[in-house]
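Chemist: Chain order of the listed sequences is L and Y. Position one of the first sequence corresponds to residue 0 (numbering that gives the first Met the number 0), numbered consecutively onward. Position one of the second sequence corresponds to residue 0 (numbering that gives the first Met the number 0), numbered consecutively onward. Cβ atoms here follow ideal geometry from the backbone N, Cα and C, with glycine treated the same way. Predicted, not measured: the structure shown is a model, and the values here were computed from it. Got a structure for you, written out below as structure tokens; questions coming shortly.
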Amino acid sequence: MVKAIVLTGFGINCEEETAAAYRMAGAAADIVHFNDVLIKGHSIHNYDILHFPGGFSFGDDLSSGKVMANKIRYKKLPNGRTLLDEIKDFISNGHYVMGICNGFQMLVRLGLLPNTNLYYEQQATLAHNDSAKYEDRWVYCKVNNMSETPFLKDMDIFPVPVRHGEGKLVFGNDTMRQIVKTKALNCLSYCMADGSPASEYPFNPNGAELDCAGLCDPTGQVFGLMPHPEAFLSLYNHPNWGQLKRKNPSISEEGMGLKIFRNIVTHIAELKGIEV
Amino acid sequence: MYNTIQRFFKEGIRDSKGESIRYNAQQQLGINTGKVKTAQLFSVNYPLTEEQLQDFSEGCIKDKITDDALVNAYFTPAKYACAVAVAQLPGVTDDEGISAQMALADFFNLDLDVNTQHIFSQYIYFFENKLTEEQLKNVTKRILGNPLINHFSFAWVDEESEKIDLRYYVPEVKLTIDNTVEYIQLENLTDEELVHLSKTKVLALNLEEMQAVRNHYLDPEIREKRHELGLQMQPTDCELEVFAQTWSEHCKHKEFNAIIHFDDKSKGEKKTIRSIFKTYIKGTTDKVAESLKENGNDWLVKVFSDNAGVVKATHDKLFVWKVETHNSPSALDPYGGAITGILGNNRDPLGTGIGGAKLLFNTNVLCFGSPTYSKPLLTGQLHPRQIMDGVVAGIEAGGNKSGVPTVNGAIVFDDRYSGKPLVYCGTGGILPYDFKGKNSWEKPIDAGDHIIMAGGRVGKDGIHGATFSSIEIDEHSPMSAVQIGSPITQKKVYDFMVIAAQRGLIKTSTDNGAGGLSSSIGELATIPGGAIINLDKVPLKYAGLRPWEIFVSESQERMSLVIEEQNLEEIFELAKLMEVELSDIGVFTDSGFLDIRYDDEKVAYIQMHFLHEGVPQKIMYAEWDTVVLNEPELKAQTDFSETLLKLMGSLNICSREHIIRQYDHEVKGKTIVKPLMGPHGKAPQDAGVMRFGFDTYEGVAISNGILPRYGDIDAFEMSAGAFDEAVRQIISVGGRLPNTESGDGIFWSVNDNFCVPDSVFDEVGNPDGKQKLAKLVQICEALYDIATYFDIPLTSGKDSMKNDFKADGKKISVPPTILYSMTAKLDDVRKTITSEFKAEGDLIYQLGETYNELGASEFYQLLGHLGANVPKVRKEAAKALYLKVMEANKNGLIESSHDLSDGGLAVALAESAFGAQMGANIQLDSLPGELSNEALLFSESHSRFAITVRPENKVAFEAIFGERANLIGQVTGGNSLTISRNGQNLVQTKVEALQKAWSGGLSF
């Protein structure tokens, strides 16, 4: 069976629906407290997917995801290494890492995304939304058709909720923006319902550069995004499910967010040569 | 001397927070600040070398992409004219400082005690324009902080050096240990002196209660006991405080348990009510419970006897529901008041039964003065806009950071809430039936069980919250009553509780809220019959608290756990891993006494029986006479388009989207009907709907009914109407009334929440107290009348009795307000009905009858009238209609449904139309009766819906409703709403214009 580890604790709060998503996609999912890994030495290497869920680790103090990223980067595990060292091994062993919202913020601050040169240095950041407030609203996202990450296979335009106060992806300079574009690491963008660029509020809900909603690393094994696909596991999560169902009575009851989890679980199962 | 790290944005990085401050200063205060630049300062009191400090700043504080940082140097941006630094006052929660300290510990791999604060954070704001001192202070006080919790340093640019020299303040608490215990002499005090003592010590006990305490200490049996133990014959300060907390209105509900002599002159009848709680509230549930039982419905599990009401939800889940108020703190510090309100209310389901319920959702209902309030503010009164912004920010932080979705709510504007706002917080949760074979909802405690405090430490914050909320706010309200919550501290406690309960480690738990340990342990101790508490074992935030202060402090984020000896080791280990502090502070006994010690010295020794039963019953007086009101003469009007547009934008109808979107309403992934739905998320809904889990489509509908203005005409009808409003909202989304079939499992769980002005008659201070109390009785009579008719039980509730703001010789009192917060089981959330139209061509019906009932309506309010004909609930007709709606929904015949409430039919149609991005053609001719156009369009008669039906279902639908189905029109694909009568258009307007007006009412 494909196995996912979903880390939690310290204010992370989307672990349950995330674990549910992996389970619906056919994987086994363990919800594990960060300190089980950091202090008790619970190993991430027993898993195929390492997941950083959404929430408010340390209340977004200092910046969203920053205190948690510091822990991962600096705190010594019982074996004397840091969790970041373990994650680097995890990735070079061919495993997969995903972060959503607060988890994405951690991955970016840790340098796991976009990680253009695989040096694991911070190359972008998540700044306060241009609106200067936290907002929960549904947006459309479009998959970059140049991107090869397995997480987004066979996906194009889909609706999904954003729920954050610090989601504005900033690369800081043109060079970095260009590299990200060239390598198609900006794998997911905010868009209009028809897929055309969002470019303005509230379609781009936070002012992110390149309308960027999600990033992957050059290996495609690490993927993160600000929106919450794990909050769209069921059709009935969609704010317009009433009209959608009326228009198309045979519409699937599965939410479009689940596809991302299905993609990665299926991909790993295929690599391992096992059934989902 | 502190080291400092200042962090600020690099040149060219957008400062959206600064932009927002600039906008708000202009918009709310008319002050042009010019550009605003924000920065943060960390004061570090930990031995680090300059190089270590640099590394820490680089590695942990600044963001590599957007920030610059200076170590031990201060940044002044060029061309800025003045600045303010906003720090916390000593002892106020500084989560950001604590988190920075956590980062420091991780960075250097130090084992740093997080309970000693080494890093303090503060914000700095630079303003481009040279503001006057008054302007700068005004902006600071209104937008940036609150002098009750913040310290402000102001500075202006020095023309020569071009520097702004701020004096940075560090809020270190400097107190020395003080374990003094005083004895308070009561024996020879006169009545006046007793009352004076109660007031100066903020005990909020009246003369009879003070006398009862004094007399208790004269009881020979008590004197002998005290003599034996070497205690003096007078109460200690701690004992007196325990009586004050336990007997507070907040904890004891003395007025709801008072004897009320009611002289109803309107009916020429006099009666005596022995406890309105027992008569009307518990009385309702007792009667309903009997009726449920007769019909084989056994879902009521626990009512009124725990922190929250408990009902059976599914074959393996219990549903826990509690709504609380947090009004007084929110008046003083809106942000802190609301955040502690929501977090405190979360702890109620969390501490119900054994404890460890999973929280499913939050609701909030808020009552404010107008955000554009223009009367002069009284001493200590905050502007309603400031209160609103602060409360909303507090709910945002409290709810979002706890990971609990806010799925339903309401905001009511009325200037009588400008002194004390009302902040109602509700939380629903899920318990399994059992934890390791033990019934989850029960609270067993045996002598010998350990008392464990879990979570935050104890400080001076929140001392006297329970007693303070039981009196009016005036200029002398204690500052220590204000607390700031720490959602992350509580989240850790919550996560811990859930796991500890699942592992069977917790025997019982309760939350520490009002009255602190005094209330939580005092109440739990009634189960085994006593307790010993060692106050020296209670961990403190800082030294300097006297024993009594430790016992009554309301410091937040704490639970009291009851743990059996054999589980101590395991639970302490789990807590350590999850970074939750536990302290073993005592044991339960069966001695019959509450035995409180500090370093083995007794600081209080109180007979449990007297503590809980000794409070004298209050006697109160109510009086009512008929009030004659008249209907206004209306100007003849034939075109109501403009009126409707104005109504859409009016304060009590307009969109709350700006606020709703700041709350996370879908974390946990179980929200099915959110506050705003439809193709563009603009359709307001009647009730929230959640599913219970990913393994089931069973769920719960959540609604709130509140109609304070109706009480200006008739308090009975206000109460009945608010109850009906909440019921019909649940019926509207597809809910079913309870007890209509044997064993159907359709639970209803209702919390009643009373917020009334001081209703104790006093010739000088409260001359209309008897009339206010009469209204309270009428509210309760209506509640009993309608709830027992519908078989809907109350499972928990709250009464807040002193909602008055007094200052400068003036008093602002809230109108008597009742909120009914309802939850009801849905068998299949996929069958819920939302309010927006679904398809062009669908038929539109009005269900339920309109009467000439414009009294206290939004329409009259718009014209400046009150009127006399307040909407009346006709419960028989209402129930008959709801049963038909249920039948129609069972057959899948209803496509959309919106209940008719504020603004009547016209507003409901407008919302269903723009919410769907569709239009409608309406003819009112088919509606029976001889009503005026105004009444047909805007009357707020209860128990009505605007619903839509597919044309092909017309016959089946009408067969169910017969004459009660009034076909009034059709959904159009067009973009206009047309309402006509006798061939004449009463309303003809673009749907987009209606939505724009609706969206614009509160958009700032």
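Compare the C-beta of Y/R829 against all C-beta atoms of chain L and say whether one is closer than 8 Å.
Modeler: yes
Chemist: Tell me which residues of the stretch 486-513 of chain Y have at least one Cβ-Cβ distance to chain L shorter than 8 Å, keeping chain order.
Modeler: P486, I487, K490, K491 and D494
Chemist: List the residues of chain A that L/T124 touches, going by C-beta distances under 8 Å, in chain order.
Modeler: Included in the structure are the protein chains L and Y, with no chain A among them.
Chemist: So the candidates are Y/L899, Y/N363, Y/F804 and Y/A524; which of them puts its Cα closest to the Cα of Y/I444?
Modeler: Y/A524
Chemist: Given a threshold of 16 other Cβ atoms within 10 Å of its Cβ, counted over all protein chains shown, does Y/L174 qualify as buried or as exposed?
Modeler: exposed
Chemist: Could you work out which residues of chain Y lie near L/E199, taking near to mean beta carbons separated by less than 9 Å?
Modeler: By Cβ distance, chain Y contributes nothing, its closest Cβ being about 15 Å from L/E199, past 9 Å.
Chemist: In chain order, what residues of the stretch 11-22 of chain L put their CB closer than 7 Å to some CB of chain Y?
Modeler: Taking 7 Å as the Cβ-Cβ cut-off against chain Y, the residues of the stretch 11-22 of chain L that qualify are N12, C13, E15, E16 and A19.
Chemist: If we define contact as Cβ-Cβ less than 8 Å, is L/V169 a contact residue for chain Y?
Modeler: yes
Chemist: Interface residues of chain Y around L/F157 at Cβ under 8 Å?
Modeler: Chain Y residues near L/F157: none, gap ~16 Å exceeds 8 Å.
Chemist: Looking only at its chain, what residues have a beta carbon closer than 6 Å to the beta carbon of Y/V561, apart from the 5 residues adjacent to it on each side?
Modeler: I444, D448, K506 and T507
Chemist: Is the shortest distance between the beta-carbon of L/V5 and the beta-carbons of chain Y less than 8 Å?
Modeler: no
Chemist: Which of the three DSSP states, helix, strand or coil, is assigned to Y/V1007?
Modeler: Residue 1007 of chain Y is absent from the structure shown; chain Y starts at 0 and stops at 1003.
Chemist: Against chain L, which members of the stretch 652-666 of chain Y pass a CB distance test of less than 7 Å?
Modeler: R660, Q661, Y662, D663, H664, E665 and V666
Chemist: Report, in whole angstroms, the separation of the C-beta atoms of Y/I652 and Y/G408, which I expect to be a contact under 8 Å.
Modeler: Going by Cβ atoms, the distance from Y/I652 to Y/G408 rounds to 15 Å, so no, they are not a contact pair.
Chemist: Note the first and the last residue of the continuous beta strand (DSSP E) segment covering Y/E556.
Modeler: That residue, Y/E556, is in no beta strand (DSSP E); it is neither H nor E in DSSP.
Chemist: Check whether chain L comes within 8 Å of Y/L675, counting only Cβ atoms and requiring the distance to be less than that.
Modeler: yes
Chemist: Would you say the beta carbon of Y/A77 comes nearer than 7 Å to a heavy atom of the ligand ADP?
Modeler: Of ligands this structure carries none, so the ligand ADP is not represented either.
Chemist: Please list the terminal residues of the continuous alpha helix (DSSP H) segment that includes L/G102.
Modeler: N101 to L109
Chemist: Evaluate the contact criterion for the stretch 291-306 of chain Y versus the stretch 739-758 of chain Y: three or more CB pairs, one atom per stretch, below 8 Å.
Modeler: Enough Cβ pairs lie closer than 8 Å, so yes.
Chemist: Tell me, to the nearest whole angstrom, how far the beta carbon of L/R261 is from that of L/A24; I am working on the premise that it is less than 8 Å.
Modeler: 5 Å
Chemist: Looking only at its own chain, which residues have a Cβ that is under 7 Å from the Cβ of Y/Q661, when we skip the five neighbours before and after it?
Modeler: V391 and E395
Chemist: Mark Y/L581 as exposed unless 16 or more other C-beta atoms lie within 10 angstroms of its C-beta, in which case mark it buried.
Modeler: buried
Chemist: Since L/F33 is in the alpha helix (DSSP H), which residue starts that stretch and which ends it?
Modeler: Taken as a continuous stretch (DSSP letters only), the alpha helix (DSSP H) holding L/F33 covers F33 to L37.
Chemist: So that I know if they touch, is there some Cβ in chain L lying closer than 8 Å to that of Y/P477?
Modeler: Only weak support exists for where Y/P477 lies, its pLDDT of 47 falling under 50; the value from the coordinates is given anyway. No - not a single Cβ of chain L is within 8 Å of the one on Y/P477.
Chemist: At 3 residues or longer, what runs of the beta strand (DSSP E) sit wholly inside the stretch 885-937 of chain Y?
Modeler: 895-898 and 918-922
Chemist: Between Y/C754 and Y/S820, is the Cβ-Cβ spacing less than 8 Å?
Modeler: no
Chemist: Compare the C-alpha of Y/I183 against each of Y/R141, Y/E238 and Y/E207 and name the closest.
Modeler: Y/E238
Chemist: Using only the alpha-carbon positions, how far apart do Y/H150 and Y/M0 sit?
Modeler: 19 Å
Chemist: With a cut-off of 8 Å, do at least 3 Cβ pairs link the stretch 847-865 of chain Y to the stretch 927-941 of chain Y?
Modeler: yes
Chemist: Can you check whether the C-beta of L/Y118 is within less than 8 Å of a C-beta belonging to chain Y?
Modeler: no
Chemist: Helix, strand or coil for Y/K673, going by three-state DSSP, please let me know.
Modeler: coil
Chemist: Can you give, in chain order, each stretch of the alpha helix (DSSP H) that sits fully within the stretch 1-75 of chain Y and has at least 4 residues?
Modeler: 15-28 and 49-55
Chemist: Which class does Y/D510 belong to by DSSP, given the choice of helix, strand or coil?
Modeler: strand
Chemist: Using 10 angstroms around the beta-carbon of Y/V948, count the other beta-carbons present and answer buried if the total reaches 16, otherwise exposed.
Modeler: buried
Chemist: In chain Y, which residues lie with their C-beta within 7 Å of the C-beta of L/S195?
Modeler: Correct list: empty, because the minimum Cβ distance to chain Y is about 17 Å.
Chemist: So which residues of chain L does Y/K34 contact, with C-beta pairs closer than 9 Å?
Modeler: Here the premise fails: no neighbours, minimum Cβ distance about 14 Å.
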